[in-house]
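Read in full-length UniProt numbering, the sequence shown has 36 at position 36, and its numbers run on one by one without any break. Every residue, glycine too, gets a C-beta built ideally from N, C-alpha and C. Comments concern the structure below.
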Amino acid sequence: MTAPDAPAPLLRGVDLAAFAVALVARARSVGIAVSASGAARFTEALRVLPPTDRRRLYWTARITLVGRRIDLERFDAVFATVFSDAVLALDPAARAAARNGPHDRSVRPEPGPSVHEGDTRGERTALPWVTRAGASDDETSAAVGACKRLPSPREDLAGEPFDAFDDADLRALGARLERARRRWPARRSRRREPHRHGRVDLRATMSRAGRTGFEPVRVARDRPRPRPRRTVLVCDVSRSMRGYADACLHLMRAVVLGSRPGDAEVFVFSTRLTRLTPTLAHRSAEVAAQRATERVVDRFGGTHIARSLDALLSSPHGSSLRGAVVIVASDGWDSDDPADLARAVARVGRRAHRLVWLNPRAAQPGFEPLAGSMAAALPYCDDFLPAHTVAALAEVLEIVGGPPALRQPRPGRGTSPTDCRRSYPGRHGNTRA
Numbered sequence: 001m002t003a004p005d006a007p008a009p010l011l012r013g014v015d016l017a018a019f020a021v022a023l024v025a026r027a028r029s030v031g032i033a034v035s036a037s038g039a040a041r042f043t044e045a046l047r048v049l050p051p052t053d054r055r056r057l058y059w060t061a062r063i064t065l066v067g068r069r070i071d072l073e074r075f076d077a078v079f080a081t082v083f084s085d086a087v088l089a090l091d092p093a094a095r096a097a098a099r100n101g102p103h104d105r106s107v108r109p110e111p112g113p114s115v116h117e118g119d120t121r122g123e124r125t126a127l128p129w130v131t132r133a134g135a136s137d138d139e140t141s142a143a144v145g146a147c148k149r150l151p152s153p154r155e156d157l158a159g160e161p162f163d164a165f166d167d168a169d170l171r172a173l174g175a176r177l178e179r180a181r182r183r184w185p186a187r188r189s190r191r192r193e194p195h196r197h198g199r200v201d202l203r204a205t206m207s208r209a210g211r212t213g214f215e216p217v218r219v220a221r222d223r224p225r226p227r228p229r230r231t232v233l234v235c236d237v238s239r240s241m242r243g244y245a246d247a248c249l250h251l252m253r254a255v256v257l258g259s260r261p262g263d264a265e266v267f268v269f270s271t272r273l274t275r276l277t278p279t280l281a282h283r284s285a286e287v288a289a290q291r292a293t294e295r296v297v298d299r300f301g302g303t304h305i306a307r308s309l310d311a312l313l314s315s316p317h318g319s320s321l322r323g324a325v326v327i328v329a330s331d332g333w334d335s336d337d338p339a340d341l342a343r344a345v346a347r348v349g350r351r352a353h354r355l356v357w358l359n360p361r362a363a364q365p366g367f368e369p370l371a372g373s374m375a376a377a378l379p380y381c382d383d384f385l386p387a388h389t390v391a392a393l394a395e396v397l398e399i400v401g402g403p404p405a406l407r408q409p410r411p412g413r414g415t416s417p418t419d420c421r422r423s424y425p426g427r428h429g430n431t432r433a
């Protein structure tokens with residue numbers, strides 16, 4: 001007895017990559033937060049496990065493209081709109097069902113409980129919805145009465161990648177970063193202030209002694225007055241950083257708003273360098289983001305990290321790097337020669353007090369900075385952090401705000417390139433060495 005023939009794939013003869021890109025574009029057009037790698041995962045899933053019916057196609061698309069519960073209803077609507085006519089017409093069962101009965105687009109298919117495993121006719125005529133239908137007023141009141149404390153919808157964003165954020169999430173991120181920036185690196189100034197644990201202030205001590213018969217009964221002490229250390233942020237806004245550039249923009253704005261004039265400088269680059277310090281100083285996050293988008297004409301273009309850093313070093317603002325905390329946000333994918341990038345980063349490291357490199361791809365399991373440009377720049381960095389989520393970005397603020405004593409010497413100052421601090425999860429299993 002011969003085995004029954006396997007069912008034919010639903011998308012036989014269809015370009016899977018083009019199909020996935022089109023579906024992702026339709027999903028994003030209605031506000032579904034599909035990650036940057038969603039289309040690639042969907043294409044790979046279709047290749048590994050070709051769907052033979054609508055139910056399998058639905059689950060394959062939902063698992064690979066939808067990452068938030070609030071997007072389920074919109075995804076169901078997109079699936080019903082797209083696949084009822086265009087793709088599902090490739091299914092012979094769908095064509096037979098369309099010929100046997102009228103097709104009313106205004107009627108939405110019933111939820112999942114109406115589709116049973118053993119009901120072949122129901123599987124052919126309805127989509128495999130699993131999202132629960134909207135509850136009635138009585139059910140809603142009962143549910144609210146039973147659950148007095150509801151979780152905040154923003155709490156689950158702490159570990160969610162930035163490439164899945166929408167505009168509302170980015171605004172919430174900006175507000176959170178402004179509140180999180182409580183401290184920042186400080187430097188000693190020439191001015192001094194009274195402090196009980198400082199060195200002896202002879203002038204103040206003698207002044208006080210005049211009130212006690214010139215006997216130094218009370219010894220005055222002072223210390224150098226700390227001043228916020230200048231911060232320079234350089235962010236990559238090329239195509240490879242598309243999912244993370246907006247989040248880095250809010251980080252830069254939080255630094256600008258929390259600093260005194262002249263204590264923070266912000267630059268972005270793709271193929272050329274653009275200064276955004278006065279643009280991001282606007283109190284409205286929406287206005288600042290809109291003006292920044294208008295100023296950066298090369299956004300989502302190519303990547304020239306070495307050329308952009310050289311332009312910063314040779315510009316009038318290059319002196320702002322001296323003694324500053326320099327934060328570079330980039331994935332390290334550069335079109336320039338790695339040797340040129342190494343020379344540029346070494347110059348920045350010698351001029352800066354501390355060099356921090358943020359790479360969102362460093363959070364991927366098993367990550368190793370083996371790319372030519374990233375490997376060339378890493379030995380000159382004091383910290384190498386992922387900063388791919390809200391929690392990781394908050395940790396960046398804590399690490400950068402820590403005492404300078406945590407910093408180790410860099411190879412540009414007479415040490416070996418292997419002595420730099422590397423804090424990517426692929427090597428140490430955490431986000432900080």
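With respect to the 8 Å criterion, D201 and R230 are not classified as neighbours on the basis of their beta carbons. Inter-residue distance for L385 and L370 is about 16 Å (C-alpha atoms, whole angstroms).
Looking at the backbone, the Cα of H197 and that of V219 are separated by about 11 Å. Taken in chain order, the whole beta strand (DSSP E) runs of length 3 or more contained in the segment 321-390 are 325-329, 354-358 and 383-385. Short of 7 Å from the beta carbon of D340, and not among the five residues preceding or following it, lie these beta carbons of its own chain, in chain order: A306. Looking at the DSSP output, C235 bridges to V268 and A329. Taken through DSSP and simplified to helix, strand or coil, H197 comes out as strand. In the displayed model, P316 falls within a helix according to three-state DSSP. Bounds of the beta strand (DSSP E) holding P224 are R221 to P228. Taking the Cβ atoms as the reference, L57 lies roughly 6 Å from L10, within the contact range of under 8 Å. Fewer than three Cβ pairs drawn from the segment 267-277 and the segment 59-78 lie within less than 8 Å of each other, which leaves the two stretches out of contact. Note: L273 is bridge-paired with F269 in the DSSP secondary-structure output.
Look at the beta carbons and you see the segment 372-384 touching the segment 343-354: at least three pairs across the two are nearer than 8 Å. As the crow flies, the alpha-carbon of L358 is around 9 Å from that of C235.
If you look at E73, you'll find it in the alpha helix (DSSP H) that goes L72 to V82.
Closest option to T303, judged by alpha-carbon separation, among P360, R190, R239 and V82: R239. The three-state reading of DSSP puts A33 in coil, since its state is none of H, G, I, E or B. In terms of Cβ geometry, T277 and R295 do not form a close pair [threshold 8 Å]. The shortest C-alpha to C-alpha distance from V390 to any of A363, A376 and A375 is the one to A363. Under the criterion of beta carbons closer than 8 Å, R199 and R221 qualify as touching, at roughly 6 Å. Looking from the CA of I327, the closest CA among L249, S335, S373 and D71 belongs to L249. Judged by beta-carbon spacing, V78 lies beyond the 8 Å limit of P185, meaning their Cβ atoms are not closer than that value. R188 is bridged by DSSP to P226.
Closest in alpha carbon position to A375, among S330, V297 and P365, is S330. In this structure, R26 lies near V82, with their beta-carbon atoms less than 8 Å apart. In this structure, the straight-line span from the alpha carbon of V34 to that of S189 is close to 49 Å. A straight line joining the alpha-carbon of R283 with that of P228 spans about 21 Å.
When the beta-carbon positions are compared, T60 and L49 come within less than 8 Å of each other.
When secondary structure is reduced to three states using DSSP, S308 falls in the helix class.
The alpha-carbon separation between F269 and T293 amounts to approximately 12 Å. In the three-state DSSP reduction, E398 falls in the helix class (H, G or I).
In this structure, DSSP gives T52 a state outside helix and strand, which the three-state scheme calls coil. Separation of G38 and E368 (C-alpha to C-alpha, rounded to the nearest whole angstrom) is 22 Å. Pairing A281 with L321 gives a Cβ-Cβ distance that is not under 8 Å.
Taking A45 as reference, the option from A20, S373 and L393 with the minimal CA-CA separation is A20.
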